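Encoded as structure tokens, the structure appears first; notes follow it.
There are 4 protein chains.
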Amino acid sequence: MGKIKAIVDAAQILFAEKGYENTPVSDIAKAAGVAGGTVIYHFKNKENLLFIVTWRVHYSLFKATLKSLTPARSGLDAALSFVAAFFEYLRKRAGEFQLILKNTAYDTLDVNAFPNADLKLMHLRYLRLLQEGLERGIEDGSVRACDPMSVSHVIYAMLIGAARLHLSHGEDLENLAAESMAFVRARLENPAPALA
Amino acid sequence: MGKIKAIVDAAQILFAEKGYENTPVSDIAKAAGVAGGTVIYHFKNKENLLFIVTWRVHYSLFKATLKSLTPARSGLDAALSFVAAFFEYLRKRAGEFQLILKNTAYDTLDVNAFPNADLKLMHLRYLRLLQEGLERGIEDGSVRACDPMSVSHVIYAMLIGAARLHLSHGEDLENLAAESMAFVRARLENPAPALA
Amino acid sequence: MGKIKAIVDAAQILFAEKGYENTPVSDIAKAAGVAGGTVIYHFKNKENLLFIVTWRVHYSLFKATLKSLTPARSGLDAALSFVAAFFEYLRKRAGEFQLILKNTAYDTLDVNAFPNADLKLMHLRYLRLLQEGLERGIEDGSVRACDPMSVSHVIYAMLIGAARLHLSHGEDLENLAAESMAFVRARLENPAPALA
Amino acid sequence: MGKIKAIVDAAQILFAEKGYENTPVSDIAKAAGVAGGTVIYHFKNKENLLFIVTWRVHYSLFKATLKSLTPARSGLDAALSFVAAFFEYLRKRAGEFQLILKNTAYDTLDVNAFPNADLKLMHLRYLRLLQEGLERGIEDGSVRACDPMSVSHVIYAMLIGAARLHLSHGEDLENLAAESMAFVRARLENPAPALA
DNA sequence: CATGAATGAGCCTTCATTCAT
DNA sequence: CATGAATGAAGGCTCATTCAT
């Protein structure tokens, strides 16, 4: 029965559009075509639903990025395509991303409690993709020496900040994408690449 | 009478800590030491209070940044001290900043409607500080050729994203500050400065 | 489940006794033996309840009158028994009638909007009963020539005014009934009936 | 200082337009051009204001009717001009009259308590005008034998009912006036006037 | 006299959650 | 599994009234 999926899908859309607090469970039920009690029946409470939906979006971003990364030649390429993948995702699934920005799952929930730890884990796996690229780049000489952890954090900050500027302030996505790329390249590109 | 100020202060703290929707007006009243009706009496409704509080924080960030910028020698210096000012503010007034991140004044309110337009205006004045630095830097040769608008947007994205990483994910602020500085410097610094 | 009926019954009594604005929804719930939220759950809002209750009383008066009218011999008889039925109703269901007098459904609601149009319709059907009697009376010679529409309006005005005098001012109902009858008879009775 | 008058005037208009319960004291103050506290300061509470305003309208109707009655030749003339005066008042001061219909001063207040007894008194003096006409008419032979008290009550019922039909249901005032007159004349006119 | 800031009780409504069916 | 009637706590807001100035 597709009811569970219908509920999660509906919740994702509504949470993204109006935010968690402004989305009554009854609206989710209506949008999913099920009875009011059914949502709670399956998910025990509304917060669980937020967690699941949030996790799904994180996972989806992770998967999409993973796919784009595969054929990266150098470490620098990997890092740059990580950035590109982010904007590609934003371009195609703005709605889904809105969810991450608008909701405070990270804040209100105890991140150390199960199952929220899963959420953090997913996020770490996602960042890991970037860090691996950076590490590879440092090794293969395409990226200048730096601390991959810190750099990955700031790149991620830039991306999520750009998403906010686009989704909330209406800034042009393509400008943000191009300029972000320029920032990353300027910071990473090794001016003195390793000799062959 | 300090009652209005007490309400705004209380609202700022509570909105920042728990978010707008999770802060009952009655809690604000209690924290401000006034009766329940007093909050609405002065601000007509809860949303107004959010607007005022948000504006105040934006203004405060603007003012703090303006102060730090004054003695900048070159345009590059100005831009870098803009970034430094941001982290300085975050360091000292993390709570206040939380408000901007956690609340969706920009999303739920019609930004073009008065008085929300004021909010946008304040934000633009703030960004203008950075843009002026960039323009000056391009002119005085300390900053390489670029589009000040786009660059300022991405820098702002990076800053606000870093704030999120720090405040919500608990990332170390000093690492983020240092690395952000490195990004900005890498992107801006003119490799071929104008001759003397 | 009799809960809906219990709510409507309770609302009818309370609206009639204390008026719409002076009857908290919570009182209705209490009187109906249900939880506070149940009233709104079923009727969406308080005003709906007023409409439904008002309609029910109008309908009940219509039905009661219709029943009394059936065996009328002449048109004059029909008109007179219309009047008698009104006072009979007032005698037996004073409380219910109070509702019509004390509440301003007609004033505050847009009578032309659905479903308030239903209310007007019900009222017109009720008045129609009187008009038909008058028309029949003019035809069969028991009623003198007159405009049935205007006459029905004034008779209705007299009746509702009498109800007000009785219910609000405490005037004796039987005096009002007898004298009203005398007025109607004096105005309608044909002094020169048709020849046999 | 005209402040008290301004308040009473404003209250009259607002009570008539929106009803007592739906008129905040603050609106009255605003309309009267005084501060919020001033209304209560002068009238102690809102209910007093309703009483005063209601009394004023009753008095005004009484005065207007008294004026129209003066030159009545016969008792029947007096009664008929009483009715005419009512419609004349309704024609010219519909707003003021609305107040009597829409508000429940008579119901919610204890009519026997001072000062509400004054209201009843005013009403009785008004009705007395009609009763005197009827008594005179019976004496001078222009009105057929009847109980002046009962007849006056039903005439008053008819008038106030007609006002309701006009003000709330939108029925045409002139039709109501003409037909009401016909009813009164039919009931009162002596078919066999006293011989000279 | 008059003000208007301040109060706090009370109102209508929302909504996550429960539970009998 | 699923439903939806029912709940009741909580929320935002209104408003008559008070009172220091």
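Protein chains in written order, with full-length UniProt numbering: chain A, 1 to 196; chain B, 1 to 196; chain C, 1 to 196; chain D, 1 to 196.
C-beta: ideal position from N, C-alpha, C; glycine also.
Every value quoted in this text rests on a predicted model; they were computed, and no experiment measured them.
- Contact holds between the stretch 75 to 86 of chain A and the stretch 55 to 67 of chain A, because three or more Cβ pairs, one in each stretch, are under 8 Å apart.
- At a cut-off of 9 Å, the C-beta of Ala157 (chain B) has a neighbouring C-beta in chain A.
- A direct Cα-Cα distance of roughly 14 Å separates Leu90 (chain A) from Ser180 (chain A).
- For Val143 (chain B), DSSP records a beta bridge to B:Glu189.
- Pairwise C-beta distances place the stretch 166 to 179 of chain B out of contact with the stretch 164 to 176 of chain A, as fewer than three of them are shorter than 8 Å.
- Residue-level contact check: Ile160 (chain A) touches chain B, since one or more beta carbons of chain B fall below 9 Å from its beta carbon.
- Proximity of the stretch 181 to 191 of chain B to the stretch 14 to 23 of chain C falls short of the contact definition, fewer than three beta-carbon pairs being nearer than 8 Å.
- Rounded to the nearest whole angstrom, the CA to CA distance from Leu69 (chain B) to Met158 (chain A) is 23 Å.
- B:Val57 is the residue among B:Gly141, B:Val57 and B:Gln131 whose C-alpha sits nearest the C-alpha of Gly95 (chain B).
- For Pro148 (chain A), the three-state secondary structure derived from DSSP is helix.
- Think of a sphere of 9 Å around the beta carbon of Phe183 (chain B): the chain A residues whose beta carbon falls inside it are Val151, Val154, Ile155, Met158, Phe183, Val184, Ala186 and Arg187, in chain order.
- For Arg164 (chain D), the neighbours in chain C by C-beta distance under 8 Å run, in chain order, Ala157, Ile160 and Gly161.
- If you look at Asn103 (chain D), you'll find it isn't in any alpha helix (DSSP H); DSSP assigns it neither H nor E.
- For Ser74 (chain D), there is no enclosing alpha helix (DSSP H), as DSSP gives it neither H nor E.
- Ranked by how close their Cα comes to the Cα of Ser150 (chain C), the residues D:Lys18, D:Ile160, D:Ala182 and D:Ala31 have D:Ala182 in first place.
- Between Ser142 (chain B) and Ser81 (chain B), the C-beta spacing is not below 9 Å.
- Between Ala162 (chain D) and Val39 (chain C), the gap from beta carbon to beta carbon reaches 9 Å or more.
- Listed by position along chain C, the residues whose Cβ is nearer than 8 Å to that of Leu176 (chain D) are Ser150, His153, Val154 and Ala157.
- Contact annotation: the stretch 23 to 41 of chain C touches the stretch 4 to 11 of chain C, with at least three C-beta pairs closer than 8 Å.
- Distances from the alpha-carbon of Arg144 (chain C) to those of C:Val53, C:Pro191, C:Tyr156 and C:Leu119 put C:Pro191 closest.
- Counting along the chain, Tyr41 (chain D) sits inside the alpha helix (DSSP H) bounded by residues Gly36 to Phe43.
- With a beta-carbon spacing of about 6 Å, Leu130 (chain A) and Ala79 (chain A) fall inside the 8 Å limit used to define contacts.
- For Lys46 (chain B) and Leu121 (chain B), the gap between their C-alpha atoms comes out near 22 Å.
- In terms of beta-carbon proximity, Gly19 (chain C) lines the interface with chain D, with at least one pair separated by less than 9 Å.
- Per the C-alpha coordinates, the member of C:Asp77, C:Asp118 and C:Gly133 positioned closest to Thr54 (chain C) is C:Asp118.
- Listed in chain order, the non-local C-beta contacts of Ala10 (chain A) below 7 Å within the same chain comprise Ile28, Ala31 and Ala32, local neighbours out to five positions each way being set aside.
- A direct Cα-Cα distance of roughly 47 Å separates Arg128 (chain A) from Phe43 (chain B).
- The Cβ of Glu171 (chain B) sits closer than 9 Å to at least one Cβ of chain A.
- For Ser180 (chain D), the neighbours in chain C by C-beta distance under 9 Å run, in chain order, Val154, Ala157 and Met158.
- Proximity of Asn22 (chain C) to chain D, defined by a Cβ-Cβ separation below 9 Å, is satisfied.
- Per DSSP, Glu17 (chain B) is one residue of the alpha helix (DSSP H) stretching across Lys3 to Lys18.
- Under the 9 Å criterion on CB atoms, His58 (chain B) is classed as non-interfacial with respect to chain A.
- When secondary structure is reduced to three states using DSSP, Gly170 (chain B) falls in the coil class, being assigned neither helix nor strand.
- Between Leu176 (chain C) and Ser152 (chain C), the gap from beta carbon to beta carbon reaches 9 Å or more.
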